[in-house]
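K.L.:
Take a look at the following structure, please.
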Amino acid sequence: MTKKQAQPENKELSDYKQRLFADAEKIVKEEFPRKVIEFDALLRSPKLSYDRLAEILPDKSLNIPVPDVENGNTDNDEPAAKRTKVDNDSNTKTGAPVFAFTSGTVPCNENLAQLMDLVRPKLRDAVEQCNTVKMWITLLIPRIEDGNNFGVGIQEETLSEVRNVESEAASFLDQMSRYFTTRGKLITKIAKYPHVDDYRRAILDMDEKQFINIRFHSKTWAYNYLFTSRLVVLEMRNHFSTLHDMITKNYEKIKVPRNSNTEHLY
């Protein structure tokens, strides 16, 4: 039985790889430096200045009034079983209790929401760009064989760094949504226990932590919402600067990891 010859690469697949390589090289040479400048300018802008902290924090009342108390009871705070039942009322419906606010809705922190709306598109672009560069380096890795693999080691180390930046950018996006969920749960606590001032203070602390630069990079769930807009911008600026520096310094080794047999690519 004759040995089958290797099939030539599909033209459409080859064209895709060529476009990917061109896009990735453009991202490294042009987009990464541009991202560094954009994030640095945003970090230095008045929008993320610590001087805005007093403006960022909401009013402590949070539009949730403290009800009047008479003889230790508020209106309708008796257990449901002790309330007077209306006889022959077929229209009465029961369900989960809903907290109604006499002063209207409780808004989110609009200042923080605007900052996160500003940063979120940049993070989405970062994830896509890192994914493109990741695929570029992966497709440049030659087949496994004996010999000088120093260049391959550089490729793998750079690939690992790109993956870390991609993962962290995606994590920042997730943590922004968690902030709103966590804050919403705390708002319901204030609605349920309006006389407990600690819950109101906790909202101020949470919003402050969401704005300022948190130095502790804890990975536990309790601190997920503490990653702030300022930290995100700071970290992404540093990440893109590091990636651009690492790839440009090792550009030739990344593109041609071995002096020979470089035509055998995945």
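All residue numbers for the sequence shown refer to UniProt numbering, where the first residue is 1 and numbers rise by one. The beta carbon of each residue, even a glycine, is placed where N, CA and C say it ideally should be.
Tell me the rounded alpha-carbon separation between residue 128 and residue 183.
P.N.:
29 Å
K.L.:
Return the CA-CA distance between residue 155 and residue 10, expressed in angstroms with no decimal places.
P.N.:
25 Å
K.L.:
Should residue 24 go down as buried or exposed, given a rule of 16 or more other Cβ atoms within 10 Å for buried?
P.N.:
buried
K.L.:
How many Å lie between residue 41 and residue 137 at the Cα?
P.N.:
29 Å
K.L.:
As a quick exercise: from 121, 159, 123, pick the residue whose alpha carbon is nearest that of residue 134.
P.N.:
159
K.L.:
Which residues in the same chain have their Cβ closer than 7 Å to the Cβ of residue 64, if we skip the five residues on either side of it in sequence?
P.N.:
101, 106, 190, 191, 194
K.L.:
By the three-class DSSP mapping on this structure, what secondary structure does residue 142 have?
P.N.:
strand
K.L.:
Run the CB neighbour count on residue 148, radius 10 Å, all protein chains shown included, and call it buried at 16 or more, exposed below.
P.N.:
exposed
K.L.:
Do residue 236 and residue 176 have their CB atoms nearer than 8 Å?
P.N.:
no
K.L.:
For residue 52 versus residue 58, is the C-beta distance shorter than 8 Å?
P.N.:
no
K.L.:
Considering only the alpha carbon of each residue, which of 249, 251, 207 lies closest to residue 54?
P.N.:
207
K.L.:
Going by other Cβ atoms of all chains shown within 10 Å of its Cβ, with 16 needed for buried, is residue 18 buried or exposed?
P.N.:
exposed
K.L.:
Here's a check: name, in chain order, each residue in its chain whose Cβ is nearer than 7 Å to the Cβ of residue 152, leaving out the five neighbours to either side.
P.N.:
141, 142, 257
K.L.:
For residue 161 and residue 249, I'd like the C-alpha separation in whole angstroms.
P.N.:
14 Å
K.L.:
Verify whether the separation of the beta carbon atoms of residue 39 and residue 211 is less than 8 Å.
P.N.:
no
K.L.:
Among the candidates 114, 36, 13, whose CA atom is the shortest distance from the CA of residue 125?
P.N.:
36
K.L.:
Taking the alpha-carbon positions, what's the residue 267 to residue 56 distance?
P.N.:
Absent from the structure is residue 267, since the part of the chain shown begins at 1 and ends at 266.
K.L.:
Once DSSP output is grouped into helix, strand and coil, what is the label at residue 59?
P.N.:
coil
K.L.:
Is residue 179 buried or exposed, if buried means 16 or more other CB atoms sit within 10 Å of its CB?
P.N.:
buried
K.L.:
Can the beta-carbon of residue 123 be found closer than 8 Å to that of residue 173?
P.N.:
yes
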